[in-house]
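Position 506 of the sequence shown, counting from 1, maps to 506 under full-length UniProt numbering, and the rest follow consecutively. Here the structure is laid out as structure tokens; the discussion comes afterwards.
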Amino acid sequence: MEFLESVTFMSLVTDLQRQNHIPGLSIAIVHNNEIASKGYGMANYEDNTSCTGDTLFDIASCSKSLTAASVALLVDDKKHPEVQYDALMSDLLPDDFVMPEKSYTDDVTVEDILSHRTGMASHDSSYMGSNATHPDNARSITRNLRNLKVAAPLRSRYLYCNQMFTVATHLVEETSKKSFSDFLDERIFAPLNMNSTTLQPASAHAKGWGDRMAKGYIWENNAWRGFHPQNCPEGQGAGSVISSAKDLIKWVKALLYHEGPINDRVYQGLTKMRSIVNPNARRLKAHTTPAIYTAGMEMYFYRGNMVIGHDGSIPGFSSRFMFMPNSNFGAVVLGNSAGAGGAATAIMRALMDEVLGVPIEERPSQNNNKRRDIEPKKDLAIQTKVPHQDQKEHQLKDRYPGLSKEQPSEDAQAEPKDEPQGHTSNDGQTKKTAKKEKNKGTQQPQRQKKQGGKLKKRDRSLPPQETPPEAYVGRYWNAGYHTMMVQIKDDRLFIDATDRSMGFTMTFEHVKDQTKYIAHLKDDIELTDDPVDAEFVFEDGKAVKMGLDLEPAIKDMIWFTRHNDGCK
Numbered sequence: 001m002e003f004l005e006s007v008t009f010m011s012l013v014t015d016l017q018r019q020n021h022i023p024g025l026s027i028a029i030v031h032n033n034e035i036a037s038k039g040y041g042m043a044n045y046e047d048n049t050s051c052t053g054d055t056l057f058d059i060a061s062c063s064k065s066l067t068a069a070s071v072a073l074l075v076d077d078k079k080h081p082e083v084q085y086d087a088l089m090s091d092l093l094p095d096d097f098v099m100p101e102k103s104y105t106d107d108v109t110v111e112d113i114l115s116h117r118t119g120m121a122s123h124d125s126s127y128m129g130s131n132a133t134h135p136d137n138a139r140s141i142t143r144n145l146r147n148l149k150v151a152a153p154l155r156s157r158y159l160y161c162n163q164m165f166t167v168a169t170h171l172v173e174e175t176s177k178k179s180f181s182d183f184l185d186e187r188i189f190a191p192l193n194m195n196s197t198t199l200q201p202a203s204a205h206a207k208g209w210g211d212r213m214a215k216g217y218i219w220e221n222n223a224w225r226g227f228h229p230q231n232c233p234e235g236q237g238a239g240s241v242i243s244s245a246k247d248l249i250k251w252v253k254a255l256l257y258h259e260g261p262i263n264d265r266v267y268q269g270l271t272k273m274r275s276i277v278n279p280n281a282r283r284l285k286a287h288t289t290p291a292i293y294t295a296g297m298e299m300y301f302y303r304g305n306m307v308i309g310h311d312g313s314i315p316g317f318s319s320r321f322m323f324m325p326n327s328n329f330g331a332v333v334l335g336n337s338a339g340a341g342g343a344a345t346a347i348m349r350a351l352m353d354e355v356l357g358v359p360i361e362e363r364p365s366q367n368n369n370k371r372r373d374i375e376p377k378k379d380l381a382i383q384t385k386v387p388h389q390d391q392k393e394h395q396l397k398d399r400y401p402g403l404s405k406e407q408p409s410e411d412a413q414a415e416p417k418d419e420p421q422g423h424t425s426n427d428g429q430t431k432k433t434a435k436k437e438k439n440k441g442t443q444q445p446q447r448q449k450k451q452g453g454k455l456k457k458r459d460r461s462l463p464p465q466e467t468p469p470e471a472y473v474g475r476y477w478n479a480g481y482h483t484m485m486v487q488i489k490d491d492r493l494f495i496d497a498t499d500r501s502m503g504f505t506m507t508f509e510h511v512k513d514q515t516k517y518i519a520h521l522k523d524d525i526e527l528t529d530d531p532v533d534a535e536f537v538f539e540d541g542k543a544v545k546m547g548l549d550l551e552p553a554i555k556d557m558i559w560f561t562r563h564n565d566g567c568k
């Protein structure tokens, strides 16, 4: 406990804040049944609100552990003998759980959906957000599985899939006849006196906690751009739990000591090893084994000691919790920027080394002047083998040498990037990952639009757009991804998909044959340009199909069929 207040530890944290542009961090630990917490920096710059152990954050994919625990409580409940880890999802939800191929429908089990081994790709761009004409919810997300492509054989590999945790909440709701929010309140939060934890930001505001909520921040133009966490009912279960470090450490303590609803049977079900996260053992940190996904959590070994936990990341927020069963130790780190993810990893490492008594000379030097410039992960995310954005751009430029890159304004700066997790965990979401964990809901705060960012003038080495853009304009439909409207904006083909859970826009750049394009995908919060392949199929002088490379885990594009409704 003394280490948390030591000059060495506080210096480490403040240096990480400075290096990674993190406005605020909230840290809590439990050791030998005692709890302590500490806050650093600002929860809300505009209101001059300091960050404390009671500051509320969107904990993103750390929420998955609570979803898995909800299912585990049903498995342990004699009132619901049909709910078992090896029970078929299609038996439990016969009308709703239908996979795109019969063999998957017939074989996917409860533990498959909780351990990212169903073979289903993330398809995060398919969810419709709260501002859509037809917003998604847990039931519609479940029923849409039949319209999406799988990416791997069942149980053949770890493939991060946020939506399966939303499917799990549909199972909880159908079985318990309660909303997922009420189930969490009654079965987990209330028994553990987690009186500052709830589902969705709107619920936190309704409870009068609005002044305790941290704003999320993105560093651009040498200044912070802040925004409020968004509601995301279509992403419940994958994320969207609001909590504080002081409250979330109670959940960690319950897991560590098998308290409250977490009896031995529930604990064993949650921590059973199910799928290897990183079978190739790439980018492992020193003294660390590859991670194994259990149910809503990951397990790995550090210096021979078991570590269990999860991380979370959405635009403006990063989180991480862990516990070491053999050391009676657990910790929570919450921050209000993407850069807090890498900082949390370093902080956890320092805390573990202290608890394990690692000699000072053997501890990694975290307190240096290097910025941790590795790609941050997105939760409500994704994670398959998504190419690094720079690598992807090089691949595209190799094929299309004249390709331009959509640039932010000259003085804009992107958010610093997290260092990788010690065991290469995958918190899903690529576009946002949540962005969502996707983040939205009733009375959704207005999403911040990105500043700057106009396409450069077309490179003359690229062939010109000769076919009139009107030949492409119209409404395009895919059963799994719904409607995409191709419009004309600034003389370019353009799609506004900001009604998605992870909202984005796409600006098309012609590269070949009047049919092949690069679509510059920009999410509607962060300053990113993700170039993806796009293609049109023509018949009788008009586009009839559009392909978009929206899901990197599958080999084909997502194909949309044009509606002949005369829509412009």
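Quick reminder that beta carbons are idealized off the backbone N, C-alpha and C, glycines included. Bear in mind the structure is a predicted one, so any value in this text is a computation, not a measurement.
Near residue i, which residues of its chain fall below 7 Å by C-beta distance, leaving aside the five closest residues on each side in sequence?
i	result
Asn326	Asn305, Met306
Arg139	Asp96, His170
Pro469	Ile488, Leu493
Asn44	Ala214, Lys215
Leu351	Ile29, Ala331
Ala168	Thr67, Val71, Ile113, Leu114, Gly237
Here's the rule I'm using: 16 or more other beta-carbon atoms within 10 Å means buried, otherwise exposed. How should residue i be labelled?
i	result
Val71	buried
His563	exposed
Asn144	buried
Lys370	Residue confidence is low: Lys370 scores 41 on pLDDT, short of 50, so the model does not pin down where it sits. Its coordinate-derived value is still stated next. Lys370 should be labelled exposed.
His134	exposed
Val537	exposed
Lys555	exposed
Gln268	exposed
Ala295	buried
Pro279	exposed
Asp112	buried
Glu234	buried
Ser103	exposed
Met1	exposed
Ala132	buried
Pro531	buried
Asn33	exposed
Ser50	exposed
Asn193	exposed
Ile22	buried
Which residues in the same chain have their Cβ closer than 8 Å to the Cβ of residue i, if we skip the five residues on either side of it in sequence?
i	result
Met485	Gly474, Arg475, Tyr476, Ile495, Asp496, Cys567
Val83	Val71, Leu74, Val75, Asp77, Leu92, Val110, Leu171, Thr175
Ala87	Thr109, Val110
Rounded C-beta distance between residue i and residue j? I'm assuming under 8 Å.
i	j	result
Arg274	Tyr293	6 Å
Ser196	Asp58	Actually they are not in contact, since the Cβ atoms of Ser196 and Asp58 sit about 13 Å apart, beyond 8 Å.
Leu66	Ala340	That belief does not hold up - the Cβ atoms of Leu66 and Ala340 are roughly 20 Å apart, past 8 Å.
Ala346	Leu16	6 Å
Ile218	Pro315	7 Å
What are the residues that DSSP puts in a beta bridge with residue i?
i	result
Met506	Ile495, Leu521
Trp224	Trp219
Leu88	Thr109
Tyr476	Met484, Arg562
Gly39	Ser26
Asp530	Leu521
Gly330	Val30, Phe323
Arg282	Arg282 is not bridged to any residue.
Met299	Ile292, Ile308
Gly239	Gln236
Gly335	Leu25, Ser318
Lys542	Glu539
Leu548	Ala534, Ile558
Which same chain residues, not among the five before or five after residue i, have their C-beta less than 6 Å away from its C-beta?
i	result
Arg117	Arg155, Ser275
Ser319	Ile59, Ala60, Cys62, Gly312, Leu334
Gln163	Ile141
Leu550	Ser125, Ile558
Glu5	none
His123	Leu148, Glu551
Asp136	Tyr127, Met128, Glu234
Pro153	Gly119
Asp533	Asp549
Arg146	Val98, Pro100
His510	Gln465, Tyr517
Pro191	Gly260, Pro261
Please report whether the beta-carbon of residue i lies at a distance below 8 Å from any beta-carbon of chain B.
i	result
Ser179	Annotation note: the requested chain B is absent from the structure, which comprises a single protein chain.
Should the region 282-291 be regarded as contacting the region 212-219, the criterion being three or more beta carbon pairs within less than 8 Å? no
Quick one: any contact between the region 488-507 and the region 179-186, if contact means 3 or more CB pairs under 8 Å? no
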